[in-house]
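Everything below concerns the one structure shown next.
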């Protein structure tokens, strides 16, 4: 058998891991992984100490982020308001003794606590494998069972590392993971983990090589801020399941469904619990690689009361097999008071009984079940043809490179412009045309099949072709659309080891029926079909720009700009 050098290293690392002895894994059964440390809700008191979240609703706590790394030197630690330091003198490392105590408290409760590397902010990445291996040594000494005079959490020993690599290119991460595995093998007192948090487009632009070359215990795939979001017919859990079973070095790797903990926790991709419940149940029945749910982040998911008592608790109950949450109950108490008048007995002197007051209390309890939204119609699970019967007037669905509209009980097909493929919007409510990388043959998946509890797709569907140059890669995804308007996001990531500037400029061409009217945190100018978007990135260093845009559709469906017309500069 012939191995590439990277594959051989990955297999050798997996064998080394096996020799350390099998230990029970937190991913042996469906788990809930919760990110803590970035306070996505944004309030001064919305992020509690990490020990607050070490309850039955979280199995794994992931603490982001270690950033600004490039070699064996000391990185920066950022936990938002979770730790305010001070820093170790001359470093970007916070001193967080209280967090260290909380970590040990969580571990004593049986929770797995991981340190996450990367994220959207900061600048990081390796020039070569040697630098990556040196950084693995630094990580072990700072957060693992090594030694350093600058350990942020004191003598607390974390249970492993999570790679949330959003920018900076793919170089070195396989070498870093293999080096960490060697350190893990020196400490048999506990189980250590390597996890990753790739974005859902496959393969991930930053982590793709490492995911194929070295052993991961689990991946927390971000099924949001992209076209392959959970509620969309482009939901590609099947692709990640295929990777887990056929490509991954660790054939027992688990794939967790990564979700925002609230509407505000991400640019797009939040799934209401009523819609999420059948999706999770179907994933668990269909894919042996399904490992549970990841939520970003604790400040959002625990405070989200769209479902009682919270989104976090509901998701945890669902994942742990308790069926989510009990339907909410409404108790109505009715009190009736009657007064019986005084009675005068004939033939008796003026002795009179007192009035009698009687109070009756009736309690009625009403149970209301939580169901998936009924406003989203069911679309067919196979490609449709002209004049096939349909039942929901005005409904749209994809059929290969065409889109179909239900008109007077019959499907009418129209082809996307040449070279484009039909895709579902991220919320599953409509369709649009966009450039594809292939895989457009029938049967097509419907826009609402997964969200309404129908069988999940088992064959890979089409992927939207990304924009890519030597410095930036980006995905254009439509999150919502109707007959008159649309919302979309541009998810841009740096391939080089530089930050986006204070203003990110995106230029592209749109179809004649499209007018861009608004950019969140920015401005837009449009002359004919030429669009220029200027997104205010702020003063912080960041390797990711999530740009939200809105606009009008004159007629037909939204047609996404092709990658060849797009240019991103910062």
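Numbering (our numbering), first residue to last: 16 to 585.
Built from N, CA and C at the ideal position, the CB exists for glycine as well.
Under the three-state DSSP convention, the category residue i falls into
i, result
"residue 326", "helix"
"residue 393", "Because residue 393 carries a pLDDT of 36, less than 50, the predicted location of this residue cannot be relied on, and no value is offered for it."
"residue 482", "strand"
"residue 176", "strand"
"residue 523", "strand"
"residue 44", "coil"
"residue 289", "helix"
"residue 644", "The structure shown does not extend to residue 644, since the chain is modelled only from 16 through 585, so no value can be given for it."
"residue 50", "strand"
"residue 228", "helix"
"residue 148", "helix"
"residue 262", "helix"
"residue 250", "coil"
"residue 39", "coil"
"residue 331", "helix"
"residue 153", "helix"
"residue 240", "coil"
"residue 579", "helix"
"residue 67", "helix"
"residue 158", "helix"
"residue 563", "strand"
"residue 528", "coil"
"residue 257", "helix"
"residue 134", "strand"
"residue 223", "helix"
"residue 568", "strand"
Sequence-distant residues of the same chain with beta carbon closer than 7 Å to residue i, five excluded per side
i, result
"residue 6", "There is simply no residue 6 to check, as the chain begins at 16 and stops at 585 in what is shown."
"residue 182", "221, 508, 509, 558 and 559"
"residue 617", "Here the chain has residues from 16 to 585 only, and residue 617 is not among them."
"residue 240", "281, 282, 283, 284, 504, 506 and 561"
"residue 439", "247, 248, 249, 413, 446 and 462"
For residue i, the nearest candidate out of the options (CA to CA)
i, options, result
"residue 423", "54, 403, 323 and 536", "403"
"residue 525", "330, 510 and 578", "578"
"residue 333", "570, 293 and 233", "293"
"residue 415", "434, 409, 406 and 407", "434"
"residue 479", "485, 493 and 272", "493"
"residue 185", "117, 330, 311 and 147", "147"
"residue 581", "505, 534 and 512", "505"
"residue 326", "296, 302, 289 and 307", "289"
"residue 571", "261, 40 and 427", "427"
"residue 117", "442, 58, 168 and 406", "168"
"residue 231", "197, 192 and 203", "192"
"residue 576", "80, 451, 152 and 170", "451"
"residue 200", "114, 140, 175 and 336", "175"
"residue 180", "291, 503 and 84", "84"
"residue 212", "564, 540 and 134", "134"
"residue 485", "584, 250 and 408", "584"
"residue 491", "171, 515, 45 and 521", "521"
"residue 519", "335, 240, 563 and 105", "563"
"residue 70", "106, 43 and 125", "125"
"residue 43", "242, 57, 303 and 511", "303"
"residue 103", "113, 89, 114 and 260", "89"
"residue 242", "476, 411, 512 and 550", "476"
"residue 417", "409, 410, 407 and 437", "437"
"residue 235", "219, 203, 228 and 273", "273"
"residue 1", "113, 144 and 218", "Limits of the chain in this structure are 16 at one end and 585 at the other, which puts residue 1 out of reach."
"residue 106", "516, 82, 113 and 115", "82"
CB contact check: residue i to chain D, cutoff 8 Å
i, result
"residue 317", "Annotation note: the requested chain D is absent from the structure, which comprises a single protein chain."
Cβ neighbours of residue i in the same chain (closer than 6 Å, five flanking residues each side left out)
i, result
"residue 188", "225"
"residue 173", "128, 130 and 158"
"residue 305", "298 and 299"
"residue 399", "414, 419 and 426"
"residue 569", "528"
"residue 539", "531 and 548"
Own chain partners of residue i with C-beta closer than 8 Å, once the 5 adjacent residues on each side are dropped
i, result
"residue 574", "431, 432, 435, 447, 448, 449, 525, 526, 528 and 529"
"residue 161", "152, 155 and 198"
"residue 336", "45"
Below 8 Å, can you find three or more Cβ-Cβ pairs linking the segment 484-500 to the segment 539-555?
Contact between the segment 484-500 and the segment 539-555 is absent, because fewer than three Cβ pairs lie under 8 Å.
Which runs of the beta strand (DSSP E) fall wholly inside the segment 180-213 and span at least 3 residues, in chain order?
Counting whole runs of 3 or more residues, the segment 180-213 contains the beta strand (DSSP E) stretches 208-211.
Are the segment 238-249 and the segment 201-210 touching by the rule of at least three beta carbon pairs closer than 8 Å?
By the C-beta criterion, the segment 238-249 is judged not to be in contact with the segment 201-210, since fewer than 3 inter-stretch pairs fall below 8 Å.
Per the contact definition of three or more C-beta pairs closer than 8 Å, is the segment 57-70 in contact with the segment 121-134?
With the cut-off at 8 Å, the segment 121-134 and the segment 57-70 touch.
Do the segment 277-289 and the segment 305-322 make contact, defined as three or more Cβ pairs closer than 8 Å?
Three or more pairs of CB atoms, one per stretch, sit closer than 8 Å, so the segment 277-289 contacts the segment 305-322.
Restricting to runs no shorter than 3 residues, where is the beta strand (DSSP E) found entirely within the segment 80-125?
When DSSP assignments are scanned along the segment 80-125, no uninterrupted stretch of beta strand (DSSP E) that is 3 or more residues long falls wholly within it.
Ordered list of alpha helix (DSSP H) runs contained in the segment 264-318, each at least 4 residues
Fully enclosed alpha helix (DSSP H) runs of 4 or longer: 288-301 and 313-316.
Decide yes or no for the touch test of the segment 43-59 against the segment 75-93: beta carbon pairs closer than 8 Å, at least 3 of them.
Pairwise C-beta distances place the segment 43-59 in contact with the segment 75-93, as three or more of them are shorter than 8 Å.
Where in the segment 535-564 do unbroken runs of the beta strand (DSSP E), each at least 3 residues long, occur, reported from the N-terminal end onward?
Here the runs fully enclosed are 537-542 and 545-551.
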